[in-house]
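**Student:** Here you go, one structure.
Number of protein chains: 2
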Amino acid sequence: MSSMPERADRTAVDPKAPDATAVVDVAKLEDLLLGRWADLRRSARALAGDPRFTKTEGLSMADHRARVLTQIKTLAAGGDVLRAFPAEFGGSDDHGGSLARFEELVAADPSLQIKAGVQWGLFASAILHLGTAEHHRRLLPGAMSVAVPGVFAMTETGHGSDVASIGTTAVYDPATQEFDLHTPFRAAWKDYLGNAGEHGTAAVVFAQLVTRGVNHGVHAFYVPLRDGETMAFLPGIDGEDDGLKGGLNGIDNGRLRFDHVRVARANLLNRYGDVAADGTYSSPIASPGRRFFTMLSTLVQGRVSLNGAAVNVSKLALVIAVTYGNERRQFAGGSDTDEVVLLDYAEHQRRLLPLLAATYAASFAHERLLETFDGVFSGRDGSDEDREDLETLAAALKPTSTWHALTTLQTAREACGGAGFLTENRLVSLRADLDVFVTFEGDNTVLLQLVAKRLLADFGREFSGIDAGGVARYMANRAADAALHRTPLLRAVQALSDGGNVRRSAGQLRDAQTQRELLTDRVDTMVALVAGALRPATKASRADAAALFNAHQHELIEAARAHADLVQWEAFTAGLARVDDAGTRQVLTWVRDLFGLSVIERNLAWYLINGRLSAGRARTVTSYIDRLLGRLRPHAQDLVDAFGYGPEHVRATITTGAERERQDEARAHYRAERASGDAPVPEKSLPRARPALAQPSPGARPVGTENLTAAS
Amino acid sequence: MSSMPERADRTAVDPKAPDATAVVDVAKLEDLLLGRWADLRRSARALAGDPRFTKTEGLSMADHRARVLTQIKTLAAGGDVLRAFPAEFGGSDDHGGSLARFEELVAADPSLQIKAGVQWGLFASAILHLGTAEHHRRLLPGAMSVAVPGVFAMTETGHGSDVASIGTTAVYDPATQEFDLHTPFRAAWKDYLGNAGEHGTAAVVFAQLVTRGVNHGVHAFYVPLRDGETMAFLPGIDGEDDGLKGGLNGIDNGRLRFDHVRVARANLLNRYGDVAADGTYSSPIASPGRRFFTMLSTLVQGRVSLNGAAVNVSKLALVIAVTYGNERRQFAGGSDTDEVVLLDYAEHQRRLLPLLAATYAASFAHERLLETFDGVFSGRDGSDEDREDLETLAAALKPTSTWHALTTLQTAREACGGAGFLTENRLVSLRADLDVFVTFEGDNTVLLQLVAKRLLADFGREFSGIDAGGVARYMANRAADAALHRTPLLRAVQALSDGGNVRRSAGQLRDAQTQRELLTDRVDTMVALVAGALRPATKASRADAAALFNAHQHELIEAARAHADLVQWEAFTAGLARVDDAGTRQVLTWVRDLFGLSVIERNLAWYLINGRLSAGRARTVTSYIDRLLGRLRPHAQDLVDAFGYGPEHVRATITTGAERERQDEARAHYRAERASGDAPVPEKSLPRARPALAQPSPGARPVGTENLTAAS
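Sequence lines, in order, name chains A and B. For the first sequence, counting from 1, position 61 maps to 61 in the UniProt record's numbering; every step adds exactly one. For the second sequence, counting from 1, position 34 maps to 34 in the UniProt record's numbering; every step adds exactly one.
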């Protein structure tokens, strides 16, 4: 992982420029990135690099599942994985620290991480948060120790995102003081459940609670599933294995069906809703809607930790691609003897470095999310608004970082060519395992719509005194007015004519306040415009309102993405302020600028259409990005080294130094051959007997094969 | 595969609009898409759906390899896979038809297709095209029958795209009339070779031919590898298995090393370069460069067939996602009783339908490529320029269609949610296998640079009489001038003011000539600008020229992409002209428009910055795309049905009608419950004892969990 190759010609150092002297303090930057829970992360990484926990590639599904089950039992015994649980049960009441550790497990094997998430983050956590003291005493120890591998049986084949509409019912029978748990049709089978395929001996099952003829909505029930010895399903229970998946095959996902299974009244996890022996329902939360959301709100920890895991995997991917890109050579450039290092190619920089910048942004944003989570779950920041902010932040960041991880893994894989396709180089394996992160624990597209709704709600509160027409007029004026009254710096940027000084205008784009204004303005404007368009929905029929909403679904999602970009940028900028080493701050500022301008470049058409950037300024965005790529290229290795991963985490053959050794050996071979004078003479350097024939005609050259010699 | 769901509210049919009556003639459209080699494609599809050849998911690598080896032997015996070979050896001299059939095999198992490609498209084909009559008689029969599973040993660990720089040497020894084949260092090991891991008993090895102290460049040698009985490597040969890969694990890729292996002089495949007994070198092609390109030019058939396979896989992915999207329901929309079909969501349409349009474009473009290929390889169109056009066309389309296939597979997988992640639904399996298509047989990024060079060369010829300054001035004027003198229709579009009639301006965007002008102008302008920027390279030092080229690498690649977009659009438009059924033509015209405008929308910033579109017109692009999505939505199922695949090719559980049955059963259950009067009453519909408590406060609702009920 150590490497500092020479700069490419196009990025030649100007000794007077600040980049000539900027040096990253890698150790300090690593500390900054590890953040508040650095020590816990380091100890979790020690486990994640331990051969007992690392993924063995190529195992059969059965062997992989067995291995992961053994691993989580080992972790339960000594892996400090129970921090989030109460001290009285052996935990530490440490919510943020627990997730910080959990996220690091992804470097061992994503299957292990997710299996651990099913057991402790979902199954045991549901007992803790939805059950009461008796449940904790009776059920938590087995769930925590994995004596009882557990299933979190919420999703059904027919209902994933829309949990409120699940079909499974639990009808209370006062005669026996039991619930009748039943799956009424095929679409109501529980599905995609970790531990359901093989290992689970109990489940927390979500079902519509019906008593005295009233459906009180979705509640959770603790249900024994299998005989712990024979592993046969208990009477009335049936299931199917989900079988092979695109990844995460160390987890035994499966389906469950209940045929009038009797569940003791005491097994209703009754913190938010209870049924008396006579069938009387009671709840501390009167509103069924609010009760439902409260019961599901612990799910946010899944999103928080997936966000962290996705960021970690993006880092691993970039360690691999940047290290290889700094060692691998291909095609002679301006030299007769040395081929060009891949990362010196401008396109290679264009592919990898913006992803590196976005990974830094996602990393800082994740730290903010985890701190927010810790505040809420510790009770320090316990207001409804705090909880709402946490939910929105998680819903904004999880889609952004999980899609980013897939893009980064794929780009890294392609940047490593055929070597990237070999499992021994890790990228394809990680990509396969991370794939489902974009649709589970909240489908990304669904989550972004939630974020958009929150943005609309906030906007609605802000403009509650103004009527619909007023908002529309306000926004129309605002959108049409290039010199935005709320953004003086933007106006200053725009005041430069297209033919103005490029250096000066790049200087302004690099100004943090300019980037902030551009990113903020986009979110505000998009939200206001869509809010205006949706106003009529409040007075429309349900069908018309749904149609209107659907007609603007894409804009809503785009507004939420823009919001997530802004959140990441703000978190990055706040993180920058904590850097005291001048060289590190300089380089990291370029990284932040590259992130901000890449977001702006991606949405350049919006800025142009809405009069926020002139054509000349828009060109400057791209040319300044090119400058930043050149400046950052010599620091790329430091920037990935600062992620702090060792070879035991990266586990890719091409980053072991093997490629550098091969390149050195090959160059030494040719150097020795040249020195010996024994090298064969190239035919093309010989004088020709028939020069007329030897002259290649440009038109006659099959162009398509040129790639084989002349790609750069 | 048959379905015609009701339209979404937002796309309600206007009975006077043409879309109300447009009906696709699915059978005719299928014929059109199958193209010139429809009969051969149909018979190949019969094999591709035959259980003997379809992929068995979840096999171990060893079992998968063994199965695929058996499969290609079965194909050799009766699969009509030898059409491209000469009649005298049992073939049909049918190049286009052979590839058309070959492409269809991807639906059986991509490993089978690629293993077949290694055996016949590379190994046997090299004997045919690089060898002479004696080689054909002696070596072709075994290669064709798979009696000799063969390796195409070109790529080395250290050199993939840059074949001219491979390190393996073959030094002629007149004393024994043998070549000394040698791997001088680790980076010169042959690598990533199909059949090298286990099954190959011979190889065509590419090495630097050295005789009498002169290196005549890369030549091909026929080299026995393993004992056909024991499968042990022959003396001096060693190898390694590449092991598990991200996909295509039915192929035994591996590495080979030669330690002074003696190769008989007769085993030099000597069509383009020969060595006499005394060591005298001769060649019918005097220029070493041209000779090299000629020897490699048969590789183009790999790119052509990968292009076709990628298009076929994109079609399969869309059959799955569109069929499921037409059956799967989630979230209540405007109705109390029926949930909304996924494809009625605007975002779902936005995700899938532009990919459907691009798949149609890629399909028509592939037919054109295959016809070009057939013309060249049959000798009908045998000029150097024809061959050059073929190479450029393949280099433009292969990157476009292979990246498109990965995007389509992933989008389809996400659009199917958790079900998409199950291997039984095929998408993850296809994606894993197709991944390497973007970097093998010519790395996509490298190929696009070739295309750019050809575009520059053509531009250079066109402007050969004008000096550098003249070109720069010409382009500067052209780029700055919104009313382009060469594009009167564009001027007409621009002449509309931003506040103009939206319907009329959408009408112009739908005009084929307008789309053509916009797409063509972008290619021409990008090429001219980069050509101007690169002019100084002709007078610069080699290092400076390389640096200048590198500084513009990204623009070159973007220009090539733009060219590929245009080629696809033109092929689509030409294909449209062959449709005589009015309804089909109408719908297909919308598909073409959606493709064209999606390309323009993707590059909207370019059109705005360069003054080709006003802000108002740019908005119209997006709003017209929205209209097209609504128009096409009711035809989506017909458009995927016309791909002509049966369930034996699709092999995804969710497209068997299972989802529709589940939805029907669930809706019938609730209907019956409502009709019986026994349905439990929802708590929220009851009068409240404590209305104050029951009133949810908007601020107190945890927003993050809303996704679970209110995603649309």
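Glycine included, C-beta positions come from ideal geometry on N, C-alpha and C.
(1) Just the Cα atoms here: how many angstroms apart are B:Asp25 and B:Ala666?
(2) For the region 228–247 of chain A and the region 282–293 of chain A, state whether three or more C-beta atom pairs, one from each stretch, are separated by less than 8 Å.
(3) Under 7 Å between beta-carbons, which chain B residues line up against A:Tyr192? List them in chain order, please.
(4) Does the region 569–579 of chain A come close enough to the region 355–369 of chain A that 3 or more CB-CB pairs lie under 8 Å?
(5) DSSP on residue 760 of chain A, reduced to helix/strand/coil?
(6) Roughly how far, in whole angstroms, is the beta-carbon of A:Leu409 from the beta-carbon of A:Val304, given that I think they are within contact range, below 8 Å?
(7) What separation, rounded to the nearest whole angstrom, lies between the Cα atoms of B:Ile127 and B:Val223?
(8) If we call anything under 8 Å between Cβ atoms a contact, is B:Ala108 one with B:Ala48?
(9) To the nearest angstrom, report how far apart A:Leu269 and A:Gly150 are at their CA atoms.
(10) Name, please, each residue of chain B whose Cβ falls closer than 7 Å to the Cβ of A:Arg542.
(11) Could you check whether B:Ala116 and B:Leu69 sit closer than 8 Å to each other, using their CB atoms as the reference points?
(12) Along chain B, which residues have their Cβ under 8 Å away from the Cβ of A:Thr439?
(13) Just to confirm my understanding: we take A:Glu240, look at its own chain, exclude 5 residues before and 5 after, and list those with CB closer than 7 Å. What are they?
(14) Output, in chain order, the set of chain B residues within a Cβ distance shorter than 7 Å of A:Gln515.
(15) Buried or exposed: where does B:Lys55 fall if 16 or more other Cβ atoms within 10 Å of its Cβ makes it buried?
(16) Just to confirm, are A:His348 and A:Leu355 a CB contact at a threshold of 8 Å?
(17) Taking C-alpha atoms, which residue in B:Ser335, B:Tyr192, B:Tyr272 and B:Val171 lies nearest to residue 715 of chain B?
(18) Give the residues of chain A in contact with B:Phe185, contact being defined as C-beta atoms less than 7 Å apart.
(19) Within the same chain, show all residues whose beta-carbon is closer than 6 Å to that of B:Thr168, passing over the 5 residues directly before and after it, in chain order.
(20) If we ignore side chains and look at the alpha-carbon of each, how far apart do B:Gly379 and A:Arg662 end up?
(21) Whose Cβ in chain B lies nearer than 7 Å to the Cβ of A:Asn195?
(22) Per DSSP, what kind of secondary structure is B:Lys398 in: helix, strand or coil?
(23) In the structure shown, what three-state DSSP assignment does B:Tyr192 receive?
(24) Specify the secondary structure class of A:Thr21 as computed by DSSP and reduced to three states.
(25) Rounded to a whole number of angstroms, what is the C-alpha to C-alpha distance between B:Ala38 and B:Val640?
(26) In chain order, what residues of the same chain lie with their CB nearer than 8 Å to the CB of B:Ala266, ignoring the 5 residues before and after it?
(27) Pairing CB atoms from the region 597–614 of chain B with CB atoms from the region 577–588 of chain B, are three or more of them under 8 Å?
(28) What's the C-alpha gap between A:Asp252 and A:Phe123?
(29) Under the assumption that A:Glu30 contacts A:Gly644 (Cβ atoms under 8 Å), give the Cβ distance between them as a whole number of angstroms.
(30) Measure the C-alpha to C-alpha separation of B:Val566 and B:Asp580 and round it to an integer number of angstroms.
(31) Just checking: is the beta-carbon of A:Val428 within a distance shorter than 8 Å of some beta-carbon in chain B?
(32) Straight-line CA distance for A:Arg454 to A:Thr392?
(33) Mapping DSSP to helix, strand and coil, what is B:Glu367?
(34) For the alpha helix (DSSP H) holding B:Val530, just list the boundary residues, first then last.
(35) Below 7 Å on C-beta distance, what does B:Leu57 contact in chain A?
(36) So, helix, strand or coil for A:Asp63, using DSSP?
**Tutor:** Here's the rundown:
(1) Rounded to whole angstroms, B:Asp25 to B:Ala666 spans 33 Å at the Cα level.
(2) no
(3) Gly418
(4) yes
(5) Because chain A in this structure spans residues 1 to 712, residue 760 of chain A falls outside the shown range and cannot be described.
(6) No, A:Leu409 and A:Val304 are not in contact; Cβ-Cβ is about 21 Å, not under 8 Å.
(7) 11 Å
(8) A distance below 8 Å separates the beta carbons of B:Ala108 and B:Ala48.
(9) 15 Å
(10) Gly334
(11) no
(12) Those are Glu414, Gly417, Gly418, Gly420 and Phe421, listed as they occur along chain B.
(13) Gly254 and Arg255
(14) Per Cβ cutoff of 7 Å: no residues; A:Gln515 is ~18 Å from chain B at best.
(15) buried
(16) no
(17) Beyond the ends of chain B as shown, which are 1 and 712, falls residue 715 of chain B; an answer cannot be given.
(18) Glu665, Ala666 and His669
(19) Taken in chain order, the residues that qualify are Thr183, Ala188 and Ala207.
(20) 43 Å
(21) Here the premise fails: no neighbours, minimum Cβ distance about 16 Å.
(22) helix
(23) DSSP places B:Tyr192 in strand when its eight states are reduced to three.
(24) helix
(25) 17 Å
(26) Glu134
(27) no
(28) If I take the Cα positions, the gap works out to 15 Å.
(29) 4 Å
(30) With the sequence shown as reference, residue 566 of chain B is identified as Leu, and Val is not the correct amino acid for it. Taking the straight line from one Cα to the other gives about 24 Å.
(31) yes
(32) Linking A:Arg454 to A:Thr392 through their CA atoms gives a straight-line distance of about 7 Å.
(33) helix
(34) Looking at the DSSP string, the run of the alpha helix (DSSP H) that includes B:Val530 is Ala512 to Leu534.
(35) Checking the sequence, you will find Glu at residue 57 of chain B rather than Leu. Residues of chain A passing the Cβ test: Leu244.
(36) A:Asp63 falls in the helix class under three-state DSSP.
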